[in-house]
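The structure under discussion appears below in the form of structure tokens.
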Amino acid sequence: MMMALLAATLFLALFGADAHVAEERENLLGINEGWAWPVVVIMPPEGWESARGDAVKRAMRAAEREISLERDAIRGKEVTFMFSDISDASELPSRIATWRAMGVAIIVSFAGDDFNAALSELCRERGPSVVLFGGEAADIISDETGRPYPFLFALDLPHYARANALAEAVSKTMPRKEAVVFTDVLSARLARGAELTSHFLEAREVGTLNISIIGYRQDQFAPQVRELESEGVKIYVCWLDAMATLSIWQSLERRETGPSPLSTIYYSGPVQKILSDAEGMVLIDKDVLMERNEDGRRDIITKIRDAFNATVADPVTAAKAYALAKWVTAAYRTSGSADVPQLAKALERADGIPLMSETLAIDPNTHRPKSRRFGTLIVRGRKFESYGSVEVFSMETTER
Numbered sequence: 000m001m002m003a004l005l006a007a008t009l010f011l012a013l014f015g016a017d018a019h020v021a022e023e024r025e026n027l028l029g030i031n032e033g034w035a036w037p038v039v040v041i042m043p044p045e046g047w048e049s050a051r052g053d054a055v056k057r058a059m060r061a062a063e064r065e066i067s068l069e070r071d072a073i074r075g076k077e078v079t080f081m082f083s084d085i086s087d088a089s090e091l092p093s094r095i096a097t098w099r100a101m102g103v104a105i106i107v108s109f110a111g112d113d114f115n116a117a118l119s120e121l122c123r124e125r126g127p128s129v130v131l132f133g134g135e136a137a138d139i140i141s142d143e144t145g146r147p148y149p150f151l152f153a154l155d156l157p158h159y160a161r162a163n164a165l166a167e168a169v170s171k172t173m174p175r176k177e178a179v180v181f182t183d184v185l186s187a188r189l190a191r192g193a194e195l196t197s198h199f200l201e202a203r204e205v206g207t208l209n210i211s212i213i214g215y216r217q218d219q220f221a222p223q224v225r226e227l228e229s230e231g232v233k234i235y236v237c238w239l240d241a242m243a244t245l246s247i248w249q250s251l252e253r254r255e256t257g258p259s260p261l262s263t264i265y266y267s268g269p270v271q272k273i274l275s276d277a278e279g280m281v282l283i284d285k286d287v288l289m290e291r292n293e294d295g296r297r298d299i300i301t302k303i304r305d306a307f308n309a310t311v312a313d314p315v316t317a318a319k320a321y322a323l324a325k326w327v328t329a330a331y332r333t334s335g336s337a338d339v340p341q342l343a344k345a346l347e348r349a350d351g352i353p354l355m356s357e358t359l360a361i362d363p364n365t366h367r368p369k370s371r372r373f374g375t376l377i378v379r380g381r382k383f384e385s386y387g388s389v390e391v392f393s394m395e396t397t398e399r
């Protein structure tokens with residue numbers, strides 16, 4: 000007991016001046032006494048009191064509790080998740096210094112892209128390891144080496160994985176081996192997505208015609224679409240905004256018979272209400288399979304209810320947070336220590352990570368899951384109906 004009090008006193012002497020770690024110290028008994036490893040968790044932009052924040056906390060606490068109930072835990076130790084209140088990226092240098100001094104080897108972030116970019120830059124070369132809840136916009140691959148930064152990881156595939164998903168969806172369902180890929184000449188981001196989609200379609204032996212337009216000039220589409228239809232084109236892939244894509248769909252519309260059943264538009268962007276009129280349009284979505292997975296949603300809700308007698312309002316976020324917690328604890332099981340480089344190596348080779356109906360394995364060449372499934376949707380009767388799924392492999396994606 001005396002040793003525990005001395006350890007706690009020393010801890011307060013070292014870190015008591017930092018008022019921001021008050022909440023993080025709340026459950027540090029195991030860390031102070033040496034039988035738990037600390038993992039910092041950075042809150043989502045909505046805060047810890049939001050539905051998303053609550054889902055994160057409860058899911059990660061449930062995973063933490065599972066370890067504590069094991070006979071020998073992880074080689075006699077447990078993992079403690081420290082839920083940080085930091086939201087200002089300018090505080091990161093001092094906070095990271097504090098966390099390093101506390102022996103934090105892993106940070107799990109649910110923050111926004113700008114915050115994560117600052118966090119990643121500070122940690123990517125020397126640690127602690129940063130594991131991102133999303134990571135679509137994260138630059139994990141180093142330009143200099145072509146390899147992942149040693150201490151950066153993400154649960155999601157990069158943004159341009161949409162190009163892979165679209166190409167796979169088109170090649171699986173299209174009636175002819177040719178497609179037109181539209182993009183906006185004024186958007187480098189959209190143009191890059193269209194370029195990649197064309198590349199992946201060509202790799203699947205689908206011929207492509209690339210057309211760059213000015214997206215806000217919505218009166219220009221009808222003549223082009225009429226010409227393309229006269230040439231027998233039936234597949235249109237749109238890397239455009241929702242309004243421009245809807246204009247192309249309207250140009251294909253037959254006023255008396257409705258949209259041509261032989262023409263299909265594949266849209267690269269997110270599901271939006273404005274597209275609910277676009278009968279027959281096909282979209283891809285990275286979370287829809289989880290959102291519509293009744294068994295998976297019930298399982299995570301039940302897990303949290305059994306642990307805390309509480310129900311989360313955001314089961315998809317809870318399932319992802321639980322997966323991240325299992326990823327982190329798997330790394331500690333493999334390494335058996337808090338050595339930062341050793342843990343990073345364990346993170347990049349983790350497998351058996353449960354994410355509803357998916358079981359993820361991490362690819363050491365990308366520091367992301369080896370593959371993720373995207374749902375495909377089709378607009379029918381003003382509803383976005385499930386239309387199957389496609390699998391995307393992280394080694395086949397690009398970040399830029």
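Numbers 0 to 399, taken from numbering that gives the first Met the number 0, label the letters of the sequence shown in order. Backbone N, C-alpha and C define an ideal beta-carbon position, used for all residues, glycine too. None of the values given here were measured: they were computed from a predicted structure.
Checklist line | Rounded distance between the beta-carbons of Ile247 and Ile264, thought under 8 Å | finding: The residue you call residue 264 lines up with position 265 of the sequence shown. The residue you call residue 247 lines up with position 248 of the sequence shown. Going by Cβ atoms, the distance from Ile264 to Ile247 rounds to 6 Å, so yes, they are a contact pair.
Item checked: Backbone CA spacing between Ser170 and Leu154 [nearest angstrom] -> Residue numbering aside, residue 170 sits at position 171 when the sequence shown is read from its first letter. Residue numbering aside, residue 154 sits at position 155 when the sequence shown is read from its first letter. Answer to the nearest angstrom: the Cα atoms are 26 Å apart.
Next item on the list: State buried or exposed for Thr328, treating a residue as buried only when at least 16 other CB atoms are found within 10 Å of its CB.
Entry: Counting from 1 along the sequence shown, the entry for residue 328 is found at position 329. That one is buried.
Notebook entry, point to check: In whole angstroms, what is the alpha-carbon distance linking Thr79 and Phe383?
Noted result: As a working mapping, residue 79 is identified with position 80 in the sequence shown. As a working mapping, residue 383 is identified with position 384 in the sequence shown. Rounded to the nearest angstrom, the two C-alpha atoms are 41 Å apart.
Notebook entry, point to check: Is it right to say Asn308 is buried, meaning 16 or more other beta carbons lie within 10 angstroms of its own, or is it exposed?
Noted result: If you number the sequence shown from 1, residue 308 lands on position 309. So Asn308 ends up on the exposed side.
Item checked: Run of the beta strand (DSSP E) containing Trp36, from where it starts to where it stops -> Within the sequence shown, the letter at position 37 stands for residue 36. Ala35 to Ile41 is the span of the beta strand (DSSP E), which, as asked, contains Trp36.
Check: By the 10 Å Cβ neighbour count, where 16 or more other Cβ atoms means buried, how is Trp36 classified, buried or exposed?
Finding: On the sequence shown, position 37 is the one that residue 36 refers to. With 16 or more Cβ atoms within 10 Å of its Cβ, Trp36 is classed as buried.
Margin query: Could you tell me the alpha carbon to alpha carbon distance between Phe114 and Ile95, rounded to whole angstroms?
Written below: Translated into positions along the sequence shown, residue 114 becomes position 115. Translated into positions along the sequence shown, residue 95 becomes position 96. Their Cα atoms are separated by approximately 13 Å.
Next item on the list: Let me know the beta strand (DSSP E) ranges lying completely inside the stretch 173 to 217, each 3 residues or longer, listed in chain order.
Entry: 177 to 183 and 206 to 212
Check: So the alpha helix (DSSP H) Ile73 belongs to, where does it begin and stop?
Finding: Along the sequence shown, one-based indexing puts residue 73 at 74. That residue, Ile73, is in no alpha helix (DSSP H); it is neither H nor E in DSSP.
Next item on the list: Within the stretch 220 to 271, note down every full alpha helix (DSSP H) run reaching 4 residues or more, in order along the chain.
Entry: 220 to 229 and 241 to 251
Check: Between the beta-carbon of Ile106 and the beta-carbon of Cys122, is there less than 8 Å?
Finding: Translated into the one-based positions of the sequence shown, residue 106 becomes position 107. Translated into the one-based positions of the sequence shown, residue 122 becomes position 123. Yes; because the gap between Cβ atoms is below 8 Å, this pair is in contact.
Checklist line | Unbroken stretches of the alpha helix (DSSP H), 4 residues or longer, contained in the stretch 329 to 394 | finding: 339 to 346
Next item on the list: State the Cα-Cα distance for the pair Thr333 and Thr144, rounded to the nearest angstrom.
Entry: The sequence position of residue 333 within the sequence shown is 334, counting from 1. The sequence position of residue 144 within the sequence shown is 145, counting from 1. Going from the Cα of Thr333 to the Cα of Thr144 covers about 27 Å.
Check: Would you call Leu200 buried or exposed, if buried means 16 or more other Cβ atoms sit within 10 Å of its Cβ?
Finding: Translated into the one-based positions of the sequence shown, residue 200 becomes position 201. Flag for Leu200 reads buried.
Notebook entry, point to check: Would you report the Cα separation of Glu194 and Asp183, rounded to the nearest angstrom?
Noted result: Counted from its first residue, the sequence shown places residue 194 at position 195. Counted from its first residue, the sequence shown places residue 183 at position 184. Cα to Cα, Glu194 sits roughly 11 Å from Asp183.
Notebook entry, point to check: Is the beta carbon of Ala306 sitting closer than 8 Å to the one on Ala72?
Noted result: On the sequence shown, position 307 is the one that residue 306 refers to. On the sequence shown, position 73 is the one that residue 72 refers to. For Ala306 and Ala72, no; Cβs fall outside 8 Å.
Notebook entry, point to check: Could you give the C-beta distance for Arg318 and Met280, rounded to a whole number, given that I count them as a contact under 8 Å?
Noted result: As a first step, residue 318 is located in the sequence shown; it is residue number 319 there, counting from the start. As a first step, residue 280 is located in the sequence shown; it is residue number 281 there, counting from the start. Correcting the residue identity first, residue 318 is Ala in this sequence and not Arg. Not a contact, Cβ separation roughly 28 Å.
Note to self: Within 10 Å of its beta-carbon, does Lys325 have 16 or more other beta-carbons around it, so buried, or fewer, so exposed?
What the structure shows: Taking the sequence shown and counting its residues from 1, one reaches residue 325 at position 326. So Lys325 counts as buried.
Notebook entry, point to check: Skipping 5 residues on each side, what residues in its chain have a beta carbon closer than 8 Å to that of Phe150?
Noted result: As a first step, residue 150 must be located in the sequence shown, where it is residue number 151. If we look at Phe150 and ignore the five residues flanking it on each side, its Cβ neighbours are Cys122, Arg123, Glu124, Arg125, Gly126, Pro127, Ser128, Val129, Val339 and Ala343.
Note to self: With H, G and I counted as helix, E and B as strand and the rest as coil, what does DSSP make of Pro92?
What the structure shows: By 1-based counting over the sequence shown, the position of residue 92 is 93. Pro92 falls in the helix class under three-state DSSP.
Margin query: Applying the 10 Å Cβ sphere with the 16-neighbour rule, what's the burial state of Pro43?
Written below: Walking along the sequence shown from the start, residue 43 turns up at place 44. By the neighbour-count rule (16 or more Cβ atoms within 10 Å), Pro43 is buried.
Notebook entry, point to check: How long is the line joining the alpha carbons of Val315 and Asn292, rounded to whole angstroms?
Noted result: Within the sequence shown, numbered from 1, the residue matching residue 315 stands at position 316. Within the sequence shown, numbered from 1, the residue matching residue 292 stands at position 293. In a straight line, the C-alpha of Val315 is about 9 Å away from that of Asn292.
Note to self: For Arg381, tell me which candidate among Ser49, Asp142, His198 and Val270 has the shortest Cα-Cα distance.
What the structure shows: For this step, residue 381 is matched to residue 382 along the sequence shown. Per the Cα distances, Val270.
Note to self: I'd like the span of the beta strand (DSSP E) that includes Leu131, first residue to last.
What the structure shows: Here residue 131 refers to the residue found at position 132 of the sequence shown. From DSSP, the beta strand (DSSP E) with Leu131 extends over Ser128 to Leu131.
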